[in-house]
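Read the structure below first, then the notes.
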């Protein structure tokens, strides 16, 4: 069967004039969609695309056939917003994603396994959209293979076969096979290690779970399974597909051409990667060891391994992406240390440098006030569920809202912010087809603001009518009368087809969806809640800002009292706000000796090694609702332990079933559990709490807190850190230069990470080498690896 049913004329090869005539005057036979393969609920992200408004799929197919900006191989159509996206890619050239409400149509001829013009078709000169006069710089002479539209698959030509409009040419692809410096900016496609092992895709977590999640490191270009260098190694590497070899370097030669030059500075700019000054003394006053020397400390940070990092003499440098310049020291007892480098002036007034704004720590906030210009929470998801792009990144969207351009807007990481006084916090998205969106946040409710009478909670014993001014779940049953969108646009009546024509969602097609008037509704069960078509000609539809109904059930991981989230440490003296970590428990005999985490009203998660004192459950007690280690405050609840469940394979994690459920209130709330086998990204800032040993730094007897970043196991297992001792079922967290850590008495306690306005339990405090020692971060049991065991144990007991 031919891919297109061209009309046949004996003894004639069609010219491109014939082909265009057949395409545009409608001599092709059959339905235009017969030429496409349809996949419901599919989505692809193309490098080249065009957006149109079309009322039906057939019109979108016509747009694809008539596309002139590039060769259209597929198109996407969405019923809700009647959006048509023509694409140069298809499922054979890019990753296929799932997206509810979307339909992917791919041209049949392009997803067939063509042999890249090995069929000896003759190329014909393209007389139409691509010609020497329209593209004079692309070498369109004769009928040679060329790439005038920058197609990702390489050079192509129109063919003389009437059934094949165009085909790619069999030209070997040139590949970047060398690297500059340490390969930090290597963009090639080598995907084998030096021993010949195939690389694991960066987006995959099998066979090796890891923290280098591509969406969290957009500037590192972690594409496919190509060798990269995201962590300051001497050269690119990858995780391997061998279960017995976690990672390995790739054999990429250095380029013979000189690397791009960078201007060195004599002061500290950012992390000091380009510092080329002559400071050669550490923060403690210890002289630096020369980079070419291996005495007193043997190391791999040599000028040969890091040729572009200015490793001259014994000057402080930052060759591997540390937080600031450092050096190996001449003290045999102190391997390395940071250096004190004067900061470059970024802001002066009358020649006087302004003091640097103190670093602020991530916080969890459920809502924003006013327009949200002061919002400093950690939400990084838009109202349609898209992940935010980092403000310092220019991929996939280039922009001017950078941290340096808006120094007072706190544009950290990819957190939602409002630097330009828009209607509410927003962000650029990681979706190339969506530049920016408002964030999935709601306005704060004033403490004195009273709910309308219709929304008051029902009195005990009285059945109240359904609350209509708020939503439960995804709001599919919402029948309130809010008729404006999140950005303030008025909703279009569901019966109306003006200004936006829509046939998919009307009172006739969805008679039980409550599509009366122009009220916000959720007829398709959208996960993000009620929406409506708008009266704005430029905005087809938008979500509505419907508050959530008050629930008698608790929300895990959401404290009623705001944490301090100070830049202190457990070993060092940061006292928590009372009851701001309401899942923290104290495991006790007559006094506290270990921590733990409440994950359910009757279940606690702790470390197995905390239970070595006795195998009898009655030996232990649990106290919740505490701020003081003494556990004598009125909010304290005490429970004995009914049963102990130790992880059967010997991991340092155990479940405790309490004798009876604790009372959930403002001071006692469980933490959230992560999805099974999920991985928290490297460099994510997480929090630990406990009543452990403070080493005489103050705050004894009161709950203390600290925060520090997750350290990828690959880094944590380096010889100078924990030297291969960290297992795949564990994770590292800490500050490499020491000073902040968990300690004795914190064992079994929580390591929680902020995720979408909740704290999620990712770690159980397990072990470490000393407390707050340099280069010895803490080790935590990776909770996500044990979710099936946790859920099964709770369900069956």
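Residue numbers (this note's numbering): 6 to 802.
Virtual Cβ for every residue (Gly too), placed ideally from N, Cα, C.
The ligand PLP heavy atom lying under 7 Å from the CB of residue i
i, result
"residue 218", "In the structure shown, the ligand PLP is absent, as is every other ligand, since no ligand is present at all."
Nearest-angstrom Cα separation, counted from residue j out to residue i
i, j, result
"residue 255", "residue 569", "45 Å"
"residue 711", "residue 579", "7 Å"
"residue 746", "residue 783", "Its pLDDT being 41, under 50, residue 746 is placed unreliably in this model, and the value from its coordinates should be taken loosely. In a straight line, the C-alpha of residue 746 is about 7 Å away from that of residue 783."
"residue 605", "residue 554", "22 Å"
"residue 293", "residue 326", "19 Å"
"residue 702", "residue 802", "Its pLDDT being 49, under 50, residue 702 is placed unreliably in this model, and the value from its coordinates should be taken loosely. C-alpha separation (whole angstroms): 42 Å."
"residue 564", "residue 658", "24 Å"
"residue 399", "residue 615", "47 Å"
"residue 653", "residue 795", "11 Å"
"residue 678", "residue 764", "9 Å"
"residue 461", "residue 108", "Its pLDDT being 31, under 50, residue 461 is placed unreliably in this model, and the coordinates cannot settle the point."
"residue 567", "residue 603", "18 Å"
"residue 581", "residue 627", "20 Å"
"residue 374", "residue 601", "35 Å"
"residue 397", "residue 414", "13 Å"
"residue 130", "residue 173", "Residue confidence for residue 130 is low, a pLDDT of 41 falling below 50, so the modelled location carries little weight; the figure read from the coordinates is stated next. Distance between the alpha carbons of residue 130 and residue 173: 14 Å."
"residue 250", "residue 705", "44 Å"
"residue 200", "residue 273", "39 Å"
"residue 791", "residue 228", "29 Å"
"residue 339", "residue 230", "38 Å"
"residue 539", "residue 495", "6 Å"
"residue 666", "residue 621", "20 Å"
"residue 533", "residue 330", "45 Å"
"residue 787", "residue 516", "48 Å"
"residue 2", "residue 441", "The requested residue 2 is not part of the displayed model; the chain covers only 6 to 802."
C-beta atoms of residue i and residue j nearer than 8 Å
i, j, result
"residue 546", "residue 85", "yes"
"residue 239", "residue 212", "no"
"residue 503", "residue 549", "no"
"residue 686", "residue 715", "yes"
"residue 346", "residue 433", "no"
"residue 243", "residue 260", "no"
"residue 38", "residue 82", "no"
"residue 661", "residue 611", "yes"
"residue 101", "residue 78", "no"
"residue 307", "residue 291", "no"
Among the options, nearest to residue i - alpha-carbon criterion
i, options, result
"residue 590", "655, 752 and 429", "752"
"residue 793", "697, 688, 682 and 53", "682"
"residue 385", "399, 423, 519 and 412", "423"
"residue 392", "408, 406, 412 and 431", "431"
"residue 723", "505, 237, 643 and 592", "237"
"residue 691", "638, 756 and 627", "756"
"residue 525", "335, 552, 627 and 506", "552"
"residue 310", "666, 694 and 186", "186"
"residue 276", "348, 420 and 481", "348"
"residue 584", "334, 790, 648 and 671", "671"
"residue 736", "688, 725, 544 and 705", "688"
"residue 738", "771, 800 and 49", "771"
"residue 805", "151, 544 and 484", "With the chain covering only 6 through 802, there is no way to say anything about residue 805."
"residue 717", "221, 428, 164 and 429", "221"
"residue 106", "209, 758, 674 and 510", "510"
"residue 485", "675, 401 and 527", "527"
Environment of residue i [buried if 16+ CB atoms lie within 10 Å]
i, result
"residue 271", "exposed"
"residue 68", "buried"
"residue 258", "exposed"
"residue 404", "exposed"
"residue 123", "The predicted position of residue 123 is uncertain, since its pLDDT is 41 and thus under 50; no value can be drawn from it."
"residue 56", "exposed"
"residue 596", "exposed"
"residue 639", "exposed"
"residue 761", "exposed"
"residue 94", "buried"
"residue 522", "exposed"
"residue 617", "exposed"
"residue 508", "exposed"
Beta carbon proximity, residue i to chain C, threshold 8 Å
i, result
"residue 480", "Protein chain content of the structure displayed is limited to a single chain, and chain C is not contained in it."
Practice task
Flag this pair as touching only if the stretch 285-300 and the stretch 311-326 have three or more C-beta atom pairs under 8 Å; answer yes or no.
Solution key: yes
Inset, instruction - Answer yes if the stretch 629-639 comes into contact with the stretch 583-597, meaning at least three C-beta pairs across the two stretches below 8 Å, and no otherwise. - result: yes
Does the pairing of the stretch 440-449 with the stretch 499-516 give three or more beta-carbon distances under 8 Å?
-> no
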